[in-house]
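**Student:** What follows is a single structure, and I will ask about it in a moment.
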Amino acid sequence: MRRTALAALLVAALAPAAAAQGAGSSPAAGAAVTGPTGAASEGALAALLARSHQHPAVLAAQAALDAARAQLQAARSPVRLEVTGGVTRLDVDEIDVNPLEPGVQPLERTLLNASAGVTFRPFAFGDIADVVDQREVAVAQAELDLRSALVSVQVRTLEAALQLELARAGVAVAEEGAALAREALAATELRASRGAATERDLREARSGVAEAESLVADAHSSLELAELSLRTLLGDGEPPAVDPAAFDLPLPEGEPVEVIRAGLQARLAELAPRGAQRALLPVAQASYAFNLGEHDTLTLSLESRTLQPGVTFTHDAIGRSFPQTEVRGALTVGVAWSISPESFDALRAAEAQLEAARLALEAARQGAALQERALIGAAEQAQRALELARARRDDAEARLAETRARVDAGLATPLELQADALALTRAELELRSASLGALRSTLDLYELYALPLTAAPEASAR
2 MRRTALAALL
12 VAALAPAAAA
22 QGAGSSPAAG
32 AAVTGPTGAA
42 SEGALAALLA
52 RSHQHPAVLA
62 AQAALDAARA
72 QLQAARSPVR
82 LEVTGGVTRL
92 DVDEIDVNPL
102 EPGVQPLERT
112 LLNASAGVTF
122 RPFAFGDIAD
132 VVDQREVAVA
142 QAELDLRSAL
152 VSVQVRTLEA
162 ALQLELARAG
172 VAVAEEGAAL
182 AREALAATEL
192 RASRGAATER
202 DLREARSGVA
212 EAESLVADAH
222 SSLELAELSL
232 RTLLGDGEPP
242 AVDPAAFDLP
252 LPEGEPVEVI
262 RAGLQARLAE
272 LAPRGAQRAL
282 LPVAQASYAF
292 NLGEHDTLTL
302 SLESRTLQPG
312 VTFTHDAIGR
322 SFPQTEVRGA
332 LTVGVAWSIS
342 PESFDALRAA
352 EAQLEAARLA
362 LEAARQGAAL
372 QERALIGAAE
382 QAQRALELAR
392 ARRDDAEARL
402 AETRARVDAG
412 LATPLELQAD
422 ALALTRAELE
432 LRSASLGALR
442 STLDLYELYA
452 LPLTAAPEAS
462 AR
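What the sequence shown shows, in our numbering, is residues 2 to 463, in sequence order.
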């Protein structure tokens, strides 16, 4: 019966580590671990988390952020240059273009046209302001994706490393249990040879050995799975040893990532009604063209949609003829207004989308508040379980000391001392498991806030 109870305790201690191997975590601007208590553990943690920045998921999110920032920089560009050119080939008969002059002057068959323009953006207005706002939202979303990817990899890596340590401890406990079971079988066989043990006692002792050896095999299988899980995240190489009891992660505070995402979507939805309202307004344009000769023109222009002044130089091979050659400049003012029933439908649709985004933001806040309360409650419960595991470990230490004193006094057998030593080892393993559970519940909050354990290298740059 003692062997059966031992097997149940080992299974209970090893099950969280084995079950957690298949559970994925998905947290990524920069919470910091308060620090392991020892310098060696602190170095191990730093080495472990530093490798998370090279994970493909983090690198992909970083590349997406760089692309979004480049697009934002392009939208904020203060100057835009446009250059166009063209060649026209005429198919005409040979004619005398100037009969007053002797001989035949053929018409030029190849015409070259060129235009170069510069548009200035001293400030963002109208359509340009909407583009800039869209790009800013895209950058914010990319930064959030980078945080989420980074914290996801960091949490998965840290959990995998701690599960590996727990699996190693489980192997040690299982091997000690198997050794104890074999010693108990030997003692039972000796007692049976002297007539002090029954055949039933022998069967139970042999069953205990078989069960303990099965637990050893299961523990080694869990250890291999934990090593494979960690190598999948870190690549080849020996992972650093970490201890869940050595870490003291504070409970983080922040805004849930889903609320931030919903807020960005609401901000993006605000742009659609602005554009739809502008589509209902007329567009005014003004320009002044300076004639620099028969073929060249310099034009200054401005339009109300974006308020971007422009300067354009144009060379026309055909040129102007008299009396247009006497015109030094031309001021042109125009108003264009295009309106239709579908424009009003587009405005109503944009307003409805904005209202839907605002409602989705409120729903996200309510759901996140409930999830946050549940995770904080789970973290507090895990902390109480950790305190209980510490109390059981302290009690096992006290019992072992008492049994050692009784053995020295001849009141207990060495087998009882070995059993209490194994009980202390089990209590240590349960304490490690409780520490991992408390740490995991805290990491769930880091995932909720997308708060990396170390700051992303480019997450806060602008």
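Quick reminder that beta carbons are idealized off the backbone N, C-alpha and C, glycines included. Computed from a prediction, not measured in an experiment: that's the story for all the values here.
Determine, using beta carbons only, whether Ala369 and Pro257 come nearer to each other than 7 Å.
**Tutor:** In this structure, Pro257 lies closer than 7 Å to Ala369 by Cβ.
**Student:** Can you list, in chain order, the stretches of the beta strand (DSSP E) that have 3 or more residues and sit fully within the region 104–151?
**Tutor:** You should have 111–121.
**Student:** What does the Cβ neighbour count give for Ala166, buried or exposed, with the cut at 16 atoms within 10 Å?
**Tutor:** Reading off the sequence, residue 166 comes out as Glu, not Ala. Label assigned to Glu166: buried.
**Student:** Tell me which residue opens and which closes the beta strand (DSSP E) that His316 is part of.
**Tutor:** Start and end: Gly311 to His316.
**Student:** Where Thr307 and Ala451 are concerned, what is the direct C-alpha to C-alpha distance, given to the nearest angstrom?
**Tutor:** Whole-angstrom Cα-Cα distance: 38 Å.
**Student:** By Cβ distance, which residues of its chain are closer than 7 Å to Leu362, with the 5 residues on each side in sequence left out?
**Tutor:** Answer for Leu362: Ala263, Gly264 and Ala267, listed in chain order.
**Student:** Is the region 175–187 touching the region 127–142 in the sense that three or more CB pairs, one from each, lie closer than 8 Å?
**Tutor:** The region 127–142 vs the region 175–187: no contact.
**Student:** Below 8 Å on the Cβ atoms is my contact criterion, and I expect Glu83 with Gly118 to pass it. Report the Cβ-Cβ distance as a whole number of Å.
**Tutor:** Yes, they are in contact, since the Cβ atoms of Glu83 and Gly118 sit about 5 Å apart, within 8 Å.
**Student:** Three-state secondary structure (DSSP) at Thr300?
**Tutor:** Strand.
**Student:** Touch check for the region 285–298 and the region 325–334: three-plus C-beta pairs under 8 Å?
**Tutor:** With a cut-off of 8 Å, the region 325–334 and the region 285–298 count as touching, because enough Cβ pairs lie within range.
**Student:** Hey, how far is the Cα of Leu234 from the Cα of Gly209?
**Tutor:** Answer to the nearest angstrom: the Cα atoms are 38 Å apart.
**Student:** Quick one: does the C-beta of Arg349 sit closer than 6 Å to a heavy atom of the ligand COA?
**Tutor:** By its list of ligands, the structure shown contains no ligand whatsoever, and the ligand COA lies outside what it can speak to.
**Student:** Smallest Cα separation from Arg349: which of Ala273, Ala422 and Glu403?
**Tutor:** When only C-alpha atoms are compared, the closest one is Ala273.
**Student:** Count the other CB atoms within 10 Å of the CB of Gln74; is the residue buried (16 or more) or exposed (fewer)?
**Tutor:** Under this definition Gln74 is an exposed residue.
**Student:** Closer than 8 Å by C-beta to Leu252: which residues in its own chain qualify, once you throw out the five before and the five after it? Chain order, please.
**Tutor:** Once the five neighbours on either side are set aside, the close Cβ partners of Leu252 are Ile377, Ala380, Thr443 and Leu446.
**Student:** Which residue's Cα is closest to the Cα of Val59: Leu91, Arg157 and Ala71?
**Tutor:** For the residues Leu91, Arg157 and Ala71, the minimum Cα distance to Val59 belongs to Arg157.
**Student:** If you run the structure through DSSP and keep just helix, strand and coil, what is Ala337?
**Tutor:** Here Ala337 sits in strand by DSSP.
**Student:** Using three-state DSSP, classify Val328 as helix, strand or coil.
**Tutor:** Coil, per DSSP.
**Student:** Any idea if Thr404 is buried or exposed, counting beta-carbon neighbours within 10 angstroms, 16 or more meaning buried?
**Tutor:** Burial call: buried.
**Student:** At which residue ranges does the region 250–310 contain complete alpha helix (DSSP H) runs of 4 or more residues, listed in the order of the chain?
**Tutor:** The qualifying runs are 258–270 and 272–280.
**Student:** Can you list, in chain order, the residues of its chain whose CB lies under 6 Å from that of Ser305, leaving out five sequence neighbours each side?
**Tutor:** Answer for Ser305: Val284 and Ala285, listed in chain order.
**Student:** Which residues in the same chain as Glu228 place their Cβ atom closer than 7 Å to its Cβ, once the five residues preceding and following it in sequence are excluded?
**Tutor:** So the list reads Leu165, once near-sequence residues are dropped.
**Student:** Give the straight-line distance between the Cα atoms of Val154 and Ala65, rounded to the nearest whole angstrom.
**Tutor:** Roughly 17 Å between the two C-alpha positions.
**Student:** Using a Cβ-Cβ cut-off of 7 Å (strictly less than) and excluding sequence neighbours within five positions of Ala358, which residues of its own chain qualify?
**Tutor:** Result list for Ala358: Gln266, Ala267 and Ala270, in chain order.
**Student:** Could you tell me which of Glu398, Val88, Ser78 and Leu91 sits nearest to Ala130, measuring between CA atoms?
**Tutor:** Measuring from the Cα of Ala130, the nearest candidate turns out to be Ser78.
**Student:** Pick helix, strand or coil for Thr89, following the three-state DSSP scheme.
**Tutor:** Strand, per DSSP.
**Student:** Would Leu432 and Ala397 be called neighbours here (beta carbons separated by less than 7 Å)?
**Tutor:** No, Cβ-Cβ distance for Leu432 and Ala397 is not below 7 Å.
**Student:** If you follow the alpha helix (DSSP H) that Gly209 is in, where does it begin and where does it stop?
**Tutor:** Gly209 -> alpha helix (DSSP H) spans Glu200 to Leu235.
**Student:** Sorted by chain position, which residues of the same chain lie with C-beta nearer than 6 Å to Ala365's C-beta, five sequence neighbours on each side aside?
**Tutor:** Answer for Ala365: Glu259, Val260 and Ala263, listed in chain order.
**Student:** Thinking Gln63 and Leu181 are a contact (beta carbons under 8 Å), I'd like their distance in whole angstroms, please.
**Tutor:** Actually they do not touch by this definition, with Cβ atoms about 52 Å apart.
**Student:** Closer than 6 Å by C-beta to Phe314: which residues in its own chain qualify, once you throw out the five before and the five after it? Chain order, please.
**Tutor:** Contacts found: Ala117 and Leu299.
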